[in-house]
Amino acid sequence: MAQVQVRERRAHLRFDKVFTIYLSTEGGLSRGIGRNISQQGLFVETREPLTLGERVKVTFAGEDGTEMTCLCEVRYQVALAYGRKDGREGNSRGVGLRIVAYEVQEDQPLLLVARERVMH
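According to UniProt numbering, the stretch in the sequence shown is residues 1 to 120, in order.
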């Protein structure tokens with residue numbers, strides 16, 4: 001039997017840990033669950049949809065009180081329906097975010113992330 005080799009298309013390592021994050025948008029502040037974080041971006045489970053191309057500030061809050069904020073761009077949206085163990089339907093929504101810049105200090109400009117612009 002021949003083995004099929006699957007090549008990972010992602011160029012950057014992923015940190016697959018669940019984080020509570022805070023999203024700042026023009027509509028206000030909301031909470032989400034950050035997953036699958038890399039140098040380039042992350043996936044966030046959200047209750048509310050976000051507009052494609054919208055810029056949002058994402059703040060990671062550590063258990064020890066430390067915070068890190070980055071500016072992100074909404075790249076895609078996902079809405080999932082799935083079956084639960086009890087037979088009912090479950091729903092989840094999320095967005096893929098591309099990191100554009102990091103906030104190093106509140107009183108200083110954002111530190112831009114150098115990368116190629118992807119057009120599609």
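Every residue gets a Cβ at the ideal spot worked out from N, C-alpha and C, and that includes glycine.
- Taking one beta carbon from each stretch, the stretch 58 to 68 and the stretch 81 to 89 have fewer than 3 pairs nearer than 8 Å; the two do not touch.
- In the displayed model, S38 falls within coil according to three-state DSSP, outside both helix and strand.
- Here the alpha carbons of K85 and V58 stand approximately 32 Å from one another.
- The alpha-carbon of V100 is positioned some 14 Å away from that of M68.
- Put simply, the backbone Cα of Q77 is about 14 Å away from that of G32.
- Taking 9 Å as the cut-off, the Cβ atoms of G34 and T20 count as close.
- According to the DSSP assignment, L97 belongs to the beta strand (DSSP E) that extends over 89 to 103.
- Looking at E54, T66, T46, L29, the one whose alpha-carbon comes closest to that of L80 is T46.
- Nearest to R98 by C-alpha distance, out of F43, P49, T66, is F43.
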